[in-house]
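Working notes, structure below.
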């Protein structure tokens, strides 16, 4: 069997690359070791797929080369993907912060991608494990032999195998192994967009807050995110924590402003002056759940026994300490949650090994890497899907 393009991995990037290459009249084979396509699409966004973000810019991505994603993102925009969905009358909506979701089900996105693949006669083989990949030289221009249950010749091979996150849906290190086989550098990988684990004894005292969600500003390594955090039995999750985990490094502190909309210092000093019989619990209960205030104060605030005392009996220094802690709660994560729940994998095939224009290996002509397997990782909120679409489109114009 012989093809113009063999694409390994039938996730978001693989499907997009297949249909785009097919639209250029290429003979395309799409392979995947799993029994169905688009597994991550189907479970994303609570089953409604946050398929892009209309505010996508290169600044929403992390990579050793912060400029690498610019070319692909500029040539295939969120609007370009929206137009594909519109052709199939897929209803969608903006949830918040530019995040677009299907109105009904993530299955609609997979349906569209498969319909486009069928339209352009893309051949799809599932439950098909790639056992080997090697370079060949033929008069017909075939550069690679792909070994599955049979031998397949290909002029180009596109690796779209994703990362290590969510192994329960088939994630593996196969793409990195291919890169290393051909001498390409791989940036060390780690889970990302997965929240923090906290083993500090003080945190253990507020485990009963599990399930509580608070609006805050979380800052990690100079990057700040205004979203909710969610307390869990193991630490802190929620959108703000997931975003912060993308920038976290071992032994790095995370700072959380639990009251981003008020100036607590001025508020407390003014209350002490005008109403000395009030107390911190009454003031904070206007902005935070009482059970959180009580648990947090006993674990993280000095002088916590004074939380219910009238301000007349509380010094200004104590009020300032409370203000500082609530505006810049400092936590030292013991780690992140891990690949089992991570949205994505940070790191991957080094961008210095690839052309930013078409994702082709600089060393091995005809070998391409797209999507999550590459060292380009987006924020939470549809950015990683947009990278999948854009990098896949870029490769498909060249294969």
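Residue numbers (this note's numbering): 189 to 587.
Idealized CB from N, CA, C, for every residue including glycine.
On a predicted model such as this, the values are computed, not experimentally measured, just so you know.
Check	Outcome
Just the C-alpha distance for residue 394 and residue 387, rounded to the nearest angstrom, thanks.	12 Å
For residue 265, which three-state DSSP category applies?	coil
Between residue 319 and the rest of its own chain, which residues show a CB-CB distance below 7 Å, the 5 nearest in sequence each way excluded?	335, 336
Drop a sphere of 10 angstroms on the beta-carbon of residue 330, count the other beta-carbons inside from all chains shown, and report buried for 16 or more, exposed for fewer.	buried
Only counting the same chain, and skipping five residues up and downstream in sequence, which positions put a Cβ closer than 6 Å to that of residue 522?	385, 387
Output the distance between the C-alpha atoms of residue 255 and residue 381, rounded to the nearest integer angstrom.	21 Å
Tell me the DSSP bridge mates of residue 517?	444
What do you get for residue 251, buried or exposed, if any count of 16 or more other CB atoms within 10 angstroms of its CB means buried?	buried
Identify every residue that forms a DSSP beta bridge with residue 378.	534
Going by DSSP, name the residue or residues bridged to residue 403.	416
I need the DSSP call for residue 277, collapsed to helix, strand or coil.	coil
From 398, 534, 399, pick the residue whose C-alpha is nearest to that of residue 253; which is it?	534
What residue range does the alpha helix (DSSP H) around residue 423 cover?	First-last for residue 423: 423-425, but that is the beta strand (DSSP E), not the alpha helix (DSSP H).
According to the Cβ coordinates, are residue 556 and residue 528 closer than 8 Å?	no
If we ignore side chains and look at the alpha-carbon of each, how far apart do residue 504 and residue 390 end up?	25 Å
Per DSSP, residue 289 is paired with what?	238, 281
Going by C-alpha distance, which of 234, 325, 445 is nearest residue 341?	325
If we ignore side chains and look at the alpha-carbon of each, how far apart do residue 489 and residue 513 end up?	7 Å
Check for me: the alpha helix (DSSP H) holding residue 202 runs from which residue to which?	200-211
Count the other CB atoms within 10 Å of the CB of residue 343; is the residue buried (16 or more) or exposed (fewer)?	buried
If contact is defined by three or more beta carbon pairs under 8 Å, each pair taking one atom from either stretch, is the stretch 570-585 in contact with the stretch 264-282?	yes
Can you give the Cα-Cα distance for residue 376 and residue 425, rounded to whole angstroms?	24 Å
Tell me the rounded alpha-carbon separation between residue 471 and residue 532.	40 Å
Determine the closest residue to residue 448 out of 414, 461, 226, with distance taken between C-alpha atoms.	414
Which partner residues does residue 196 have in the DSSP bridge list?	219, 347
Can you tell which of 502, 397, 552, 507 has the C-alpha that lies nearest to the C-alpha of residue 483?	397
Considering only the alpha carbon of each residue, which of 294, 487, 241, 209 lies closest to residue 304?	209
By Cβ distance, which residues of its chain are closer than 7 Å to residue 500, with the 5 residues on each side in sequence left out?	464, 465
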